[in-house]
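A.B. asks: Before I ask anything, here is the structure I am working with.
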Amino acid sequence: MDIYALLKSMTLEEKLAQMSQYGTSVLDSGAADDVTGPARDLGLTAEHIAAAGSTLGSGTAEQVIAMQKAHLEKDPNKIPLLFMRDVIHGYRTIYPIPLGMGATWDEKIVYDCCRMAAKESAVSGITVNFSPMVDLVRDCRWGRNMESTGEDAWYNSRMGAVMVKGYQGDDLKGKYDIAACVKHFAAYGAAESGRDYNTTDMSDYTFYEHYLPAYRAAVDAGVEMVMTSFNALNGVPCAGNQWLVNDLLRGEWGFDGVVISDWNSFYEMINHGFIENSKQAAEKAVNGGTDIEMMSSTYIHHMKALIDEGKVRKEQIDRAVLRILRLKEKLGLFENPLRATSVEEEAKYCLCEEHRTLARRAAEQAAVLLKNEGVLPLSENIKSIAVIGPFAACGMNGWWSCQGDTKESVSVVDGLRAALPHAEITCTAGCTDGLHDSSNDTMLEKAIAAAREAEAVILCLGEQEGWSGEGNSRADVGLPAAQKELIRHVVAANPRTAVLLFNGRPLALGDVINDAPAFFTMWQPGTEGGSAAANLLLGRVNFNGHLTMSFPYHVGQAPIYYNRMNTGRPKPGDDSTMGYVSRYVDCPNAPLFPFGYGLSYTTFAYGKPILSANTLKKGSGEQVTLSVTVKNTGYVAGTTVVQLYIRDLVASLVRPVRELRGYERITLAPGEERTVTFTVEEDMLAFRTESGKIEAETGDFHLWAASDAASGEPVPLTLV
Ligand code: BGC
516 MDIYALLKSM TLEEKLAQMS QYGTSVLDSG AADDVTGPAR DLGLTAEHIA AAGSTLGSGT
576 AEQVIAMQKA HLEKDPNKIP LLFMRDVIHG YRTIYPIPLG MGATWDEKIV YDCCRMAAKE
636 SAVSGITVNF SPMVDLVRDC RWGRNMESTG EDAWYNSRMG AVMVKGYQGD DLKGKYDIAA
696 CVKHFAAYGA AESGRDYNTT DMSDYTFYEH YLPAYRAAVD AGVEMVMTSF NALNGVPCAG
756 NQWLVNDLLR GEWGFDGVVI SDWNSFYEMI NHGFIENSKQ AAEKAVNGGT DIEMMSSTYI
816 HHMKALIDEG KVRKEQIDRA VLRILRLKEK LGLFENPLRA TSVEEEAKYC LCEEHRTLAR
876 RAAEQAAVLL KNEGVLPLSE NIKSIAVIGP FAACGMNGWW SCQGDTKESV SVVDGLRAAL
936 PHAEITCTAG CTDGLHDSSN DTMLEKAIAA AREAEAVILC LGEQEGWSGE GNSRADVGLP
996 AAQKELIRHV VAANPRTAVL LFNGRPLALG DVINDAPAFF TMWQPGTEGG SAAANLLLGR
1056 VNFNGHLTMS FPYHVGQAPI YYNRMNTGRP KPGDDSTMGY VSRYVDCPNA PLFPFGYGLS
1116 YTTFAYGKPI LSANTLKKGS GEQVTLSVTV KNTGYVAGTT VVQLYIRDLV ASLVRPVREL
1176 RGYERITLAP GEERTVTFTV EEDMLAFRTE SGKIEAETGD FHLWAASDAA SGEPVPLTLV
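Numbering (the numbering used here), first residue to last: 516 to 1235.
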């Protein structure tokens, strides 16, 4: 297809229709000659709908086939539609939420899951996925923590790039490749007070060092699309932030793919108080370099006037449309508008056995064992287990679970029953809904009685699906009072109790962690959560997951993250009661569970890290190595994540107390030991100095090879 010739043949209205995106229901409501409902509310005509460029939210292959065929009959230029969707952690087969996938520290399984999601999406007709979300997250209150891989920019960059490759394949030409869209540009995760959509305000230093790198990594990995964010950043809404999109993303980073707004965020610039009307929204956004507006119609309604008034140049429009057409071309849509869409393949692959197995493995790898005082694993010969709690008998797919249906997901009780067909597995699920307190004593009594009668208890607690995700921030990220009460009663009735948490964010467990002997989180594990839970509980698979967001004692510590600054008055130690230092009088400074933390059914002994040389010469291209020997000191095989951290002790801008610069995931048999060697080079010590240059400054550094961000002994290195 000669997209330049095609562009030339298009009218302005047709171009603007390419630049506007509506939900499938809007397109349907405008399909008839008599435009109705949502399309009419947006002021769209049948001509706008006929020339539409893309849509979001389609469900099945059948729907896509029908819509694409109908569209091609009506569109004067016969340009196929792009079908976009949020396939955040699986299309129909749901794997754990990204925060859980982050906890795997396993790029291979993250990649495999994204390939699976791409395949199910592609056969169901999706061509663009609004994922990965690489927003850095530091505040446990924010509902969208679940969509991120955590609080570290370096780690999110790696994972974001892996996800882009997983969706897009090598070149987008593969049958099951779909385009990825990195979001939300930029700094959406820094919403003040952890409240979704709230303003963000930050220094350049923090922005460049922590918030920008993961978007950049996705761009460098070849992501096809970027979505701007809802928030205002330092006073300018990102939907109309010309510096952000034009200068930084397109100019400095050279991104030439499609930029799309977030849902209705053009109009929302009026609420922000940045512009007065939708005409100004269109002007700001198009001049800012945003190609597609999602779920609003400012381009369609105002562009002609803006061009006539000389406020927007026609070339701006052409450039935007060209980028959209180029994406369609790359996806091969002009030759094959339906691409992989197929009712037969949809039935064959969605929720197929192979995909369910992968989802189960991912849920197993994502789970993090937080505490275990001799309760887990359960014996294979156990005769009876009481599964208790609001989430005992339901599937737990989590927010953004696309076409996933919790009815198709395995609950904990079903998982255990399938794993242990001869044991008696009772279920007391209704004792609290997690929202109200347990004044319903009958149910509490039932739970206590069930706990007494069983050999062991699995208490399924945490958050309902809708307590995290978009718009779902929480001011108190602890367990609800009813669940805490349940823990106390049930553990009193049966001390062999393990608490299985479902959560879309770090929970503040400071006030309950001593009330039960074992806690682990499975996040929102997806389709195979219950089967994964059974395998973990029985020790058929080990716990390998490690946190990528700190778990606080108390919500008042938020935002809490490991790579903080030292301050001028650091607290001398966790137990110190010294005054006039940076501390809380009623809570530790440290998190309850740090970044990188995760227990196993075995134990690992980390030896003393050894550095190959104590100095590194700046500009020499030299490398040093940091080696540490790790031994499995327990009785079962297990996996640990050896983490490399650095600290720049004195710099022209103060530096974090630790920064992750590498990791290696190793599996050791009982008694086995292995030496892990990290290569350390100047680049790893670099940061954006006051001059704006990325460089390493000479001076002293500390290095750690440790099992989490709070452990290990530092080894000194000097950059000379
Ligand atoms: C969300 C985006 C999402 C879009 C389309 C918005 O509300 O912020 O992350 O991609 O909706 O569903």
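Glycine included, each C-beta is placed from N, C-alpha and C at the ideal position.
Small disclaimer: the values here were computed from a predicted structure and weren't measured.
Verify the contact flag: Met742, CB atom, against every heavy atom of ligand 1, threshold strictly below 7 Å.
C.D. replies: Under cutoff, so the answer is yes.
A.B. asks: Out of Gln1138, Ala874, Ile822 and Glu879, which has the shortest C-alpha to C-alpha gap to Gln795?
C.D. replies: Comparing Cα positions, the closest option is Ile822.
A.B. asks: How many angstroms separate the CA atom of Gly986 from the CA atom of Ser811?
C.D. replies: Distance between the alpha carbons of Gly986 and Ser811 is about 20 Å.
A.B. asks: Locate the beta strand (DSSP E) running through Lys698, then write down its first and last residues.
C.D. replies: First-last of the beta strand (DSSP E) with Lys698: Ala694 to Phe700.
A.B. asks: Going by beta-carbon coordinates alone, are Met661 and Trp914 separated by less than 8 Å?
C.D. replies: Their beta carbons are under 8 Å apart, which means Met661 touches Trp914 by this criterion.
A.B. asks: Please classify Arg1203: does DSSP put it in a helix, a strand, or coil?
C.D. replies: Three-state result, Arg1203: strand.
A.B. asks: For the alpha helix (DSSP H) that Met674 lies in, which residues bound it at each end?
C.D. replies: Ala668 to Gln683 is the span of the alpha helix (DSSP H), which, as asked, contains Met674.
A.B. asks: Cα separation between Asp952 and Asn912?
C.D. replies: Note that Asp952 has pLDDT 47, beneath the 50 cutoff, so the model's placement of it is unreliable and no number is given.
A.B. asks: Which term fits Tyr1271, buried or exposed, when burial requires 16 or more other beta carbons within 10 angstroms of its beta carbon?
C.D. replies: Nothing about residue 1271 can be read from this structure; the chain reaches only from 516 to 1235.
A.B. asks: Among the residues of its own chain, which have a CB less than 7 Å from the CB of Leu950, if the five just before and after it don't count?
C.D. replies: For Leu950, the pLDDT reaches just 47, beneath the cut-off of 50, and the residue's location in the model is therefore unreliable, although a value from the coordinates is still provided. Same-chain partners within the cutoff: Pro995.
A.B. asks: Would you mind sorting Leu527 into buried or exposed? The rule is 16 or more other CB atoms within 10 Å of its CB.
C.D. replies: Answer is exposed; the Cβ neighbour count stays below 16.
A.B. asks: Which stretch, first to last residue, makes up the alpha helix (DSSP H) that contains Arg876?
C.D. replies: Note, Arg876: alpha helix (DSSP H), Glu868 to Ala881.
A.B. asks: Given this structure, state the Cα-to-Cα distance separating Lys634 from Arg875, to the nearest angstrom.
C.D. replies: Going by the C-alpha atoms only, they are around 17 Å apart.
A.B. asks: Which of the three DSSP states, helix, strand or coil, is assigned to Val1096?
C.D. replies: Val1096 falls in the coil class under three-state DSSP.
A.B. asks: Residues in its own chain within less than 6 Å of Ala1049 by CB, not counting five upstream and five downstream?
C.D. replies: Gly930, Leu931 and Ala934, listed in sequence order.
A.B. asks: Hey, would you say the C-beta of Leu559 is under 7 Å away from at least one heavy atom of ligand 1?
C.D. replies: It does not: the Cβ of Leu559 is nowhere closer than 7 Å to a heavy atom of ligand 1.
A.B. asks: What separation, rounded to the nearest whole angstrom, lies between the Cα atoms of Thr1192 and Leu1183?
C.D. replies: Thr1192 and Leu1183: Cα-Cα distance of roughly 16 Å.
A.B. asks: Within 10 angstroms of the Cβ of Gly788, are there 16 or more other Cβ atoms? Answer buried if so, exposed if not.
C.D. replies: Under this definition Gly788 is an exposed residue.
A.B. asks: Using three-state DSSP, classify Trp620 as helix, strand or coil.
C.D. replies: DSSP places Trp620 in coil when its eight states are reduced to three.
A.B. asks: Below 8 Å, can you find three or more Cβ-Cβ pairs linking the segment 989-1005 to the segment 620-633?
C.D. replies: Result no; under three Cβ-Cβ pairs closer than 8 Å.
A.B. asks: Taking the alpha-carbon of Tyr887 as reference, which of Cys1102, Cys655, Gly1054 and Arg871 has the nearest alpha-carbon?
C.D. replies: The question names Tyr, but residue 887 is Asn in the sequence shown. Taking only the C-alpha atoms, the option nearest Asn887 is Gly1054.
A.B. asks: Could you compute how far the alpha carbon of Gly919 sits from the alpha carbon of Ile609?
C.D. replies: The straight-line gap from Cα to Cα measures roughly 6 Å.
A.B. asks: Our contact map puts Arg664 next to Leu727 with C-beta atoms below 8 Å; I'd like the distance itself, whole angstroms only.
C.D. replies: Checking the sequence, you will find Thr at residue 664 rather than Arg. With 8 Å as the limit, Thr664 and Leu727 do not qualify as a contact, their Cβ atoms being about 16 Å apart.
A.B. asks: Do the segment 965-975 and the segment 642-657 touch if we need at least three Cβ pairs shorter than 8 Å?
C.D. replies: Not touching, per the Cβ criterion.
A.B. asks: Quick check on Asp1223: buried or exposed, where buried means 16 or more other Cβ atoms within 10 Å of its Cβ?
C.D. replies: Looking at its Cβ environment, which holds 16 or more other Cβ atoms inside 10 Å, Asp1223 is buried.
A.B. asks: Looking at Leu521 and Leu840, is the spacing between their C-beta atoms short of 8 Å?
C.D. replies: Yes.
A.B. asks: Nearest by alpha-carbon distance to Val1014: which of Leu891, Thr1063 and Asp762 is it?
C.D. replies: Out of Leu891, Thr1063 and Asp762, Leu891 has the C-alpha closest to the C-alpha of Val1014.
A.B. asks: What does the alpha-carbon distance come out to for the pair Thr773 and Arg765?
C.D. replies: Sequence check: residue 773 is Val here, not Thr. Roughly 10 Å separates the two Cα atoms.
A.B. asks: So, helix, strand or coil for Ala862, using DSSP?
C.D. replies: Reduced to three states, the DSSP call for Ala862 is helix.
A.B. asks: Below 8 Å on the Cβ atoms is my guess for Ala694 versus Leu846; work out the distance and round it to an integer in Å.
C.D. replies: Right, their Cβ atoms sit about 6 Å apart.
A.B. asks: Which residue from Leu596, Met1064, Phe1034 and Glu577 puts its Cα closest to that of Leu1051?
C.D. replies: Checked all of Leu596, Met1064, Phe1034 and Glu577; the closest Cα to Leu1051 is Phe1034.
A.B. asks: How would you write the range of the alpha helix (DSSP H) that His1282 sits in, first residue to last?
C.D. replies: Coverage of the chain is limited to positions 516 through 1235, which leaves residue 1282 absent and any answer about it impossible.
A.B. asks: Classify Phe645 as helix, strand or coil using the three-state DSSP reduction.
C.D. replies: The answer is coil: DSSP assigns Phe645 none of H, G, I, E or B.
A.B. asks: Label Glu1137 either buried or exposed according to how many other C-beta atoms from any shown protein chain fall within 10 Å of its C-beta, with 16 as the threshold for buried.
C.D. replies: It counts as exposed.
A.B. asks: Do you know offhand how far Asp667's Cα is from Asn1078's?
C.D. replies: Computed Cα separation, rounded: 8 Å.
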